[in-house]
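Participant:
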Amino acid sequence: MTESGYIIALDQGTTGTTAVLVDGSGRSVWSVNREIEQIYPKPGWVEHDPSELFESCVEVAAELLEEMEVHPRAVRAIGITNQRETALVWDRATGEPVMNAIVWQCRRTAPICESLVSRGLEATIREKTGLPIDPYFSATKYRWILDAIPDG
């Protein structure tokens with residue numbers, strides 16, 4: 000262990016999860032990666048299993064510490080990054096995901112976006128959010144989930 004301990008950088012990305020061990024001088028000393036499954040339920044749709052996302056984070060961090068023989072108490076901080084506009088909703092009562100995560104590149108909300116444009120809301124939405132209307136962004140993904148999931 001370095002005198003000032005370690006930092007773990009955890010990147011839960013689109014195709015995998017990576018953990019990087021950073022020493023007290025800011026030097027990356029080791030990394031571990033796990034690929035995650037891409038789920039394609041329909042053409043243009045992309046999902047991830049929320050359990051796999053979580054478990055991959057735990058696994059890479061644990062493997063990183065084991066490989067480098069670092070005690071968890073030597074970790075001073077963990078920095079976490081995640082996937083762009085991927086959307087996930089949990090059940091308020093159970094804390095469980097209501098469905099798979101809708102990945103940022105999923106195009107299932109294109110009809111919702113087209114409806115917003117045809118209703119003339121493009122300028123209003125851009126003014127309020129700074130963003131164009133596009134299935135990439137998470138707002139229409141949440142609208143889709145609320146419409147598709149009973150009691151969503």
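Using numbering that gives the first Met the number 0, you'd call the opening residue of the sequence shown number 0 and step up by one each time. Just so you know, even glycine gets a beta-carbon here, dropped at the ideal spot from N, CA and C.
Leaving out the 5 sequence neighbours to the left and right, which residues in its chain are closer than 6 Å to Val31 when beta-carbon positions are compared?
Facilitator: Taking the first residue of the sequence shown as position 1, residue 31 is located at position 32. Correct list, in chain order: Ala18, Val59, Glu62 and Leu63.
Participant: Specify, as a first and last residue, the run of the beta strand (DSSP E) that Trp143 falls within.
Facilitator: As a first step, residue 143 must be located in the sequence shown, where it is residue number 144. Segment Ser137 to Ala147 is the alpha helix (DSSP H) holding Trp143; no beta strand (DSSP E) there.
Participant: What's the gap between the Cα of Leu115 and the Cα of Ile132?
Facilitator: Position 116 of the sequence shown, counted from the first residue, corresponds to residue 115. Position 133 of the sequence shown, counted from the first residue, corresponds to residue 132. Their Cα atoms are separated by approximately 8 Å.
Participant: Would you say Ala73 and Gly4 are within 7 Å of each other, going by their C-beta atoms?
Facilitator: Indexing the sequence shown from 1 puts residue 73 at position 74. Indexing the sequence shown from 1 puts residue 4 at position 5. Pairing Ala73 with Gly4 gives a Cβ-Cβ distance under 7 Å.
Participant: Ile111 to Ala122, Cα distance in whole Å?
Facilitator: Here residue 111 is taken as the residue at index 112 of the sequence shown, counted from 1. Here residue 122 is taken as the residue at index 123 of the sequence shown, counted from 1. Each residue's alpha carbon lies about 16 Å from the other.
Participant: Three or more C-beta pairs closer than 8 Å, one from the stretch 65-79 and one from the stretch 99-113: is that the case here?
Facilitator: no
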